[in-house]
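Count the sequence shown with our numbering and you get residues 17 to 84, in order.
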Amino acid sequence: MSQDFTPEHLAALTKALSRGLRRVEHKGKVFEYQSLKEMLDLRDRMIRELNAQSEPRVMTRRTLPVRS
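Right, here's the structure in full:
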């Protein structure tokens, strides 16, 4: 299931991780996580999804020259 994460969500989570906190406040909401591992897993997921959003999926076909 995909969520619409923003760079701001990722920044808030990363800031909490860097401080060793399991509690994240973002836009007036508070999120409490069970473990730092849960947060690291979520951070990795956010990074993957944000990268996927920013990279257009364009299929191209290349023709390479044949050397004889």
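Beta carbons are placed, not taken as given, at the ideal position from N, Cα and C, and that holds for glycine. Note that the coordinates shown come from a computational prediction; the quantities given were computed from them, not determined experimentally.
Cα-Cα, which of PRO23, ASP20, GLY44 and LEU56 is closest to ARG35?
Ranking the options by Cα distance to ARG35, first place goes to LEU56.
Entirely enclosed beta strand (DSSP E) segments - the region 30 to 73, minimum 3 residues
The region 30 to 73 contains these whole beta strand (DSSP E) runs: 39 to 42 and 45 to 48.
If you compare alpha carbons, which of GLN69, HIS25, SER51 and ILE63 is closest to LYS45?
Closest option to LYS45, Cα to Cα, is HIS25.
Ignore the nearest five residues each way along the sequence and tell me which others in LYS53's own chain have a CB closer than 8 Å to its CB.
Setting aside the 5 residues that flank it on each side, LYS53 has no residue in the same chain whose C-beta is closer than 8 Å to its C-beta.
Kindly indicate which three-state DSSP category MET17 falls into: helix, strand or coil?
Caution is warranted here: a pLDDT of 44 is assigned to MET17, below 50, making its placement in the model unreliable, and no coordinate value can be reported.
Can you grab the Cα-Cα spacing for the pair PHE21 / ARG83, in whole Å?
If I take the Cα positions, the gap works out to 47 Å.
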